[in-house]
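There are 2 protein chains.
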Amino acid sequence: MRILVLGGDGYLGWPTAMRLAMGGHDVAVVDNYLRRRLAMETRSEALFANPDLADRAAIFEAVSGKRIAVHTFDCADGARLSDLVRVFGPEAVIHYAEQPSAPYSMIGEHEARLTLQNNLNSTFNLIWAVLNHAPQCHIVKLGTMGEYGTPDIDIEEGWLTVEHKGRSEKFLYPRAGGSLYHTTKILDTDLLWFYVRLYGLRVTDLMQGPVYGLATPETDMDPRLAPNFHYDDIFGTVINRFLTQAAAGIPLTVYGRGGQTRGYLNLLDTLQCVELALSNPAPRGELRIYNQFTELFSIRDIAEKTLRAAALTGLTASVQSLPNPRKEKEEHYYNVEHSALLNLGLQPCLLSDERLAEMQIGRAHV
Amino acid sequence: MRILVLGGDGYLGWPTAMRLAMGGHDVAVVDNYLRRRLAMETRSEALFANPDLADRAAIFEAVSGKRIAVHTFDCADGARLSDLVRVFGPEAVIHYAEQPSAPYSMIGEHEARLTLQNNLNSTFNLIWAVLNHAPQCHIVKLGTMGEYGTPDIDIEEGWLTVEHKGRSEKFLYPRAGGSLYHTTKILDTDLLWFYVRLYGLRVTDLMQGPVYGLATPETDMDPRLAPNFHYDDIFGTVINRFLTQAAAGIPLTVYGRGGQTRGYLNLLDTLQCVELALSNPAPRGELRIYNQFTELFSIRDIAEKTLRAAALTGLTASVQSLPNPRKEKEEHYYNVEHSALLNLGLQPCLLSDERLAEMQIGRAHV
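Top to bottom, those sequences are chains A and B.
Using our numbering, you'd call the opening residue of the first sequence number 1 and step up by one each time.
Using our numbering, you'd call the opening residue of the second sequence number 1001 and step up by one each time.
Structure, rendered in structure tokens:
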């Protein structure tokens, strides 16, 4: 299959591109290094320096014999994206090309504007590039579980059938994000759902939870093929951050009471989910929505797991509770349907204390 | 009250500005004549030439003694809007500054992009101008009943309490618009609701139906003070279009079966509703949503009413059914709650055959 990966330099984009290339697909990636620039501006650089995309692709080709075509431009530039879709003619596009940090989007007006414009324009430009040049193409869009927020009823898988005054209607599950970043993902979903309904686009929207881990069979081929690893409060996701804090001998930073519960998954499972979405494409005019995670944890759960994993590896770790900088519920109901990807064959890689300890050793060795 | 009217050159914006100035408020308007430019480009100019805003304000001041301050710039230009909010210090902003045509937004990629960027950027810039310079200011935002689409359950007033598996949650009523224009209004509501929840903005979002009519006490003071009157298939709303078709002796153009049902209101009632919203401001951190219309009509109802009104005025009118260019349900359930504005004191000006005939004569005299 000809597959275009937008945001191919990212924590998920680069491992995805390698996995698909190893699977025999014809893969092209696009990135403009926005995340790298924002990480520099906010002094939140990744723990290791990552080669640029051209170098990554060259290293990957040397060890695997597989080519990944590299394009460096901004997907918020509609003409460039349209030209590439026309020339490459993808059968699927995986759309990761968004400013990925919720905390970044909440710094102030400039950061909010950049996030809104970058994310929405990338999605809008992709929609029209596909409508104009590859209308059969399947768009696999990375959304986030954070679109749903923390409602007091069960979160269903994308849709909600409402019984009301003796009548019934199936709606897109109502969304309310906790940051401007999450809100831009809601706007993306609104836009995609509109173009699916009225123009017959084929879209799978993956409501993904926070991802952890670094190792995939492809990243293991050469240490320079690892994805970017962020551990800070801007671009780091919580498990990666706690592992790094434990390794560095500083306390794990828990915001508030730590009852914030979310669905998490291993990077390996993200790759499985994307492959499952690709091999079960939505028909034209259908928006498929999958809730993409494997386990629910509260922040307290993760802190306790990290303490146990640290003990297994001989590290002494501790927890520090910080005043919560976010406006969010610290204790809440959270029951989420997520059977669709399991039904498609997802084999979860769950987070045992032992696996966390192995990840900890991986970190500790660096 | 110091009131800023964004989109002050529009069909609703200009009559609103005059009404508020007559009511003793300190009124400033902003417009960049986008609608006039798009009407020229699509050859959908208004039936009469309207003076520009500076001339309108001068004519209005000559007949009323009341000043309206005029600013001509693009609200999608954040710096200009921010400066004006800082200097003028409005206590309320009425936000009409959006590309207002659903059919225009569906012409193609260019028109869709313009609509998305113009509408969303205007709203986003207003949000930040108010957060930065007038955080107590009440934003009255013109949304549309079209945000709800035509679900198979009752449309409630902004919110929907869902009982699900023995639990309950109150959500923003799920929305699904029939055009990209309507979708941009949904995105506006998503954005405003986010900034209300997390930043304590004060917002009233008016879900307005199609408006008809031209005459207000202020427009009656001088014929040059009339709002722009569009009767075409791009900028014209249906009642105004049918009146013009009847006057011109051409058949009323009904799309498909004509069962499309919506909530309509007279321009006079729009002005009442905006005044009611202003005098009942949302407290900080609350999003008020009103469904703003007075009567439900199907397109068939309106065509029949127009035929009867034409007969009363001695005109012979007829109806032509056209293949529907829109992707929409031509027969559907439609039951809509709209008691909030009535409870605040709205005195509806309903559309009797006689009133329609008077409007017809008004048109016929031109």
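By construction, the Cβ of each residue, glycine as well, lies at the ideal position given by its N, Cα and C atoms.
- Residues of chain A whose Cβ lies closer than 8 Å to the Cβ of Ser-1168 (chain B) are, in chain order, Asp-152 and Ile-153.
- Contact check for Arg-37 (chain A) and Ile-139 (chain A): beta-carbon distance about 26 Å, past the 8 Å limit, so the pair fails to qualify.
- For the segment 1180 to 1205 of chain B, the set of residues with a beta-carbon nearer than 8 Å to any beta-carbon of chain A comprises Leu-1180, Thr-1183, Ile-1186, Leu-1187, Asp-1190, Leu-1191, Trp-1193, Phe-1194, Arg-1197 and Leu-1198, in chain order.
- Looking at A:Leu-34, A:Arg-35 and A:Arg-2, the one whose alpha-carbon comes closest to that of His-25 (chain A) is A:Arg-2.
- DSSP, reduced to helix, strand and coil, places Met-207 (chain A) within a strand of the structure shown.
- For Leu-1116 (chain B), the residues of chain A that pass the 9 Å Cβ criterion are Leu-120, Asn-121, Phe-124 and Leu-191, in the order they occur in the chain.
- In this structure, DSSP gives Glu-1358 (chain B) a helical state, which the three-state scheme calls helix.
- Beta bridge pairing from DSSP links Tyr-1290 (chain B) with B:Leu-1206.
- Judged by DSSP secondary structure, His-110 (chain A) falls outside any beta strand (DSSP E) and instead within the alpha helix (DSSP H) spanning 109 to 133.
- Between the segment 143 to 154 of chain A and the segment 71 to 81 of chain A, the count of C-beta pairs closer than 8 Å stays below three; the two stretches do not touch.
- The secondary-structure analysis by DSSP pairs Tyr-1231 (chain B) with nothing; it has no beta-bridge partner.
- Counting of Cβ neighbours within 10 angstroms places Val-211 (chain A) among the buried residues, the total reaching 16 or more.
- By the 16-neighbour rule on beta-carbons within 10 angstroms, Gly-158 (chain A) is buried.
- At least one C-beta of chain A is nearer than 8 Å to the C-beta of Pro-1174 (chain B).
- The three-state secondary structure of Asp-1190 (chain B), taken from DSSP, is helix.
- With fewer than 16 other Cβ atoms from the protein chains shown falling within 10 Å of its own Cβ, His-110 (chain A) counts as exposed.
- Residue-level contact check: Lys-329 (chain A) does not touch chain B, since none of the beta carbons of chain B fall below 8 Å from its beta carbon.
- DSSP places Asp-269 (chain A) inside the alpha helix (DSSP H), whose first and last residues are 267 to 279.
- Sorting A:Ile-107, A:Val-5, A:Asn-32 and A:Glu-98 by C-alpha distance to the C-alpha of Gly-89 (chain A) places A:Val-5 at the top.
- With contacts defined as CB atoms closer than 8 Å, Tyr-1264 (chain B) and Gly-1345 (chain B) fail to qualify as a contacting pair.
- For His-1164 (chain B), a Cβ of chain A is located within less than 8 Å of the residue's own Cβ.
- If you check the CB distance, Ser-1298 (chain B) and Gly-1259 (chain B) come in under 8 Å.
- If you check the CB distance, Asp-353 (chain A) and Leu-287 (chain A) do not come in under 8 Å.
- Each of B:Val-1027, B:Phe-1235 and B:Leu-1172 was checked against the Cα of Glu-1147 (chain B), and the nearest Cα belongs to B:Leu-1172.
- A direct Cα-Cα distance of roughly 41 Å separates Tyr-231 (chain A) from Ile-1289 (chain B).
- Within chain B, the residues placing a beta-carbon under 9 Å from that of Gly-177 (chain A) are Asp-1190 and Phe-1194, ordered along the chain.
- Within 9 Å of the CB of Glu-1098 (chain B), no CB atom of chain A is found; the nearest one sits about 16 Å away.
- Proximity of Arg-1300 (chain B) to chain A, defined by a Cβ-Cβ separation below 8 Å, is not satisfied.
- Just so you know, the alpha carbons of Leu-142 (chain A) and Arg-1355 (chain B) end up roughly 53 Å apart.
- Of the residues assessed, Gly-236 (chain A) falls on the buried side of the cut-off, its CB having 16 or more other CB atoms within 10 angstroms.
- Taking 4 residues as the shortest admissible run, the segment 1002 to 1048 of chain B contains the following complete alpha helix (DSSP H) segments, listed from N- to C-terminal end: 1013 to 1022 and 1034 to 1041.
- Under the three-state reduction of DSSP output, Phe-1073 (chain B) falls in the coil class, being neither helix nor strand.
- Under the 8 Å criterion on CB atoms, Phe-1293 (chain B) is classed as non-interfacial with respect to chain A.
- The Cβ-Cβ distance between Leu-1053 (chain B) and Val-1029 (chain B) falls below 8 Å.
- With at least 16 other beta carbons inside 10 angstroms of its own, Ser-1082 (chain B) counts as buried.
- Annotation: the continuous alpha helix (DSSP H) that includes Tyr-104 (chain A) extends over 102 to 105.
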